[in-house]
Amino acid sequence: MALYLMGDVQGCDGALGRLLDLIDFSPSRDRLVILGDLVNRGPASLAVLRRLVALDNAVECLLGNHDLHLLAVSLGVRKAHRSDTVNDILQAADRLALLDWLRQRPLALSEGGVLMVHAGVLPQWSAEQALALAGEVHSVLRGPEWGAFMHEMYGNQPDQWNDALEGADRLRVVINAFTRLRYCSPEGRMEFETKTGGLEHAPPGYMPWFDVPGRNTRSDVVAFGHWSTLGWLSRPDIISLDTGCVWGGALSAVRLGSETQSRELIQVRCEQAQMPGGPA
């Protein structure tokens, strides 16, 4: 059995299909984890969801910020943006089943010796604590009160973790870290304004979350997407897999060997023109 991790698809079903063909993915033999942002900005979000649902237990998908945005729009919690491309889902006959499947997806996963998230992990968290906190959010999103929580989910505050946080504030910090984090301070204060640039573009007083000295996941391997301007990055402690397919880049997967440092990168170029705007 091969284990593949894949970066942000964002509605690019053509690229997804070509990448699955390129790796000769077999649902009966292989395992795929997509690191969030399944939908939006690309041309075929509905086709992406239907393809992934059909793959059943052979694939697991994490929730990204665009996936949560779709859920919020479906409830009327958020208005659709001009650049959104999720109307095909919202108008589909099977929309309720697809949205229900989406909200069942996890925020974090550990498999094959790798901790997987969409965006980042706060430096105060160990891998075990990160998974436990993700589980707290899972229980709410999968429960009967998930719609009420969606009304409280958005906001930049609190912007720093504290073990004493409770209720919506606690869950909001967890979601923001897992789905929005790029830069934070050495103390773990999150910065959300800077959405472009790579390692050298950190705003004053901040750094990439994975470069915080002494972060508690430094001895783990953490795989993530979300950061298209960072692109492919493979270090002993991190795997970055968002290579900007929807922005005219590539859709990337990595095949993990029996040892987590054995990594084979497989890519297909995006077949569409570059999207207007930039990553969010």
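Residue 105 in the numbering used here is what sits at position 105 of the sequence shown, and the numbering runs on without skipping anything. Even for Gly, the Cβ is constructed at its ideal location relative to N, Cα and C.
Our two residues, L49 and L38, have alpha carbons roughly 7 Å apart in a direct line. For D56, same chain residues with a beta-carbon under 6 Å away, outside a window of 5 residues either side, do not exist. Cα atoms of D94 and P236: separation of roughly 42 Å, rounded to the nearest angstrom.
For Q267, the three-state secondary structure derived from DSSP is strand. Listed in chain order, the alpha helix (DSSP H) runs fully inside the segment 149-216 are 167-180, counting runs of at least 4 residues. For V137, no beta strand (DSSP E) segment is defined; the enclosing uninterrupted segment is the alpha helix (DSSP H) at 127-141. Q104 is classed as exposed because its beta carbon has fewer than 16 other beta carbons within 10 Å across all chains shown.
Taking the Cα positions, L241 is about 12 Å away from G249.
The residue among P186, C61, G17, L46 with its C-alpha nearest the C-alpha of V117 is C61. Closest in C-alpha terms to L171, from the list M207, C184, Q157, comes Q157. Excluding five sequence positions before and after F210, the CB atoms of its chain that fall closer than 6 Å to its own CB belong to I238, given in chain order. Restricting attention to I34, R82, A54, the CA atom closest to the CA of D67 is found in I34. By the beta-carbon neighbour count (other beta carbons within 10 angstroms, threshold 16), M1 is exposed.
Of all alpha-carbon atoms in H138, T196, L256, the one lying nearest the alpha-carbon of V221 is that of L256.
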